[in-house]
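Report on one structure; see the data block that follows.
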Amino acid sequence: MKNIDYYLSLPYRTEIYEDPEVGGYTVAIPELPGCLSCGETIDEAMKNIKDAKKAWLEAALEDGYPIPEPTKIESYSGQFKLRLPKSLHKKLAERAKREGISLNQYCVYLLSQNNALHA
Numbered sequence: 002m003k004n005i006d007y008y009l010s011l012p013y014r015t016e017i018y019e020d021p022e023v024g025g026y027t028v029a030i031p032e033l034p035g036c037l038s039c040g041e042t043i044d045e046a047m048k049n050i051k052d053a054k055k056a057w058l059e060a061a062l063e064d065g066y067p068i069p070e071p072t073k074i075e076s077y078s079g080q081f082k083l084r085l086p087k088s089l090h091k092k093l094a095e096r097a098k099r100e101g102i103s104l105n106q107y108c109v110y111l112l113s114q115n116n117a118l119h120a
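For the sequence shown, the working numbering begins at 2 and goes up steadily by one.
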């Protein structure tokens with residue numbers, strides 16, 4: 002049977018969100034529903050998520066709740082092809098140039114921001 006040390010050793014993905022209204026940061030572990038913590042700084046939030054993760058796992062083990070293991074990221078290449086209207090391509094390229102970054106970096110930034118809003 003898998004114990005707490007086994008689950009604590011697994012590489013669960015964490016997501017960090019800045020809270021512009023209240024201040025500070027929230028950190029979540031998406032594979033462990035409801036496992037999140039906060040902190041005034043990123044370092045504090047990351048320290049706090051370790052405690053929250055341990056408490057989440059202990060409660061799940063005690064209650065017999067199934068504990069999902071981290072999603073294997075190796076099955077994703079990190080690349081996909083995207084077709085878009087020429088006018089949108091132009092606008093994105095111009096904005097990336099104004100920001101001083103590549104079009105690819107700018108699109109990754111936009112996707113991450115949107116993903117964070119809808120996570």
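Beta carbons are placed, not taken as given, at the ideal position from N, Cα and C, and that holds for glycine.
For residue i, list the residues DSSP reports as bridge partners.
{"i": "Ala29", "result": "Glu16 and Leu37"}
Need the endpoints of the alpha helix (DSSP H) that residue i sits in, please.
{"i": "Asn49", "result": "Ile43 to Asp64"}
{"i": "Ile5", "result": "Ile5 to Leu9"}
{"i": "Lys1", "result": "Outside the displayed span of the chain (2 to 120) sits residue 1, for which this structure offers no information."}
Residue i to residue j, Cα distance in whole Å?
{"i": "Lys55", "j": "Val23", "result": "26 Å"}
{"i": "Lys87", "j": "Asn105", "result": "16 Å"}
{"i": "Gly65", "j": "Tyr26", "result": "31 Å"}
{"i": "Asn4", "j": "Trp57", "result": "13 Å"}
{"i": "Thr42", "j": "Gly35", "result": "20 Å"}
{"i": "Glu95", "j": "Tyr77", "result": "29 Å"}
Below 8 Å CB to CB, which residues in the same chain sit around residue i once its five sequence neighbours on both sides are set aside?
{"i": "Gly79", "result": "none"}
{"i": "Pro12", "result": "Pro71"}
Which word fits residue i, buried or exposed, when buried means at least 16 other C-beta atoms lie within 10 angstroms of its C-beta?
{"i": "Val109", "result": "exposed"}
{"i": "Ser10", "result": "exposed"}
Excluding the five sequence neighbours on either side, which residues of its own chain have a C-beta within less than 6 Å of the C-beta of residue i, listed in chain order?
{"i": "Ala53", "result": "Cys36 and Ser38"}
{"i": "Ala61", "result": "Ile68"}
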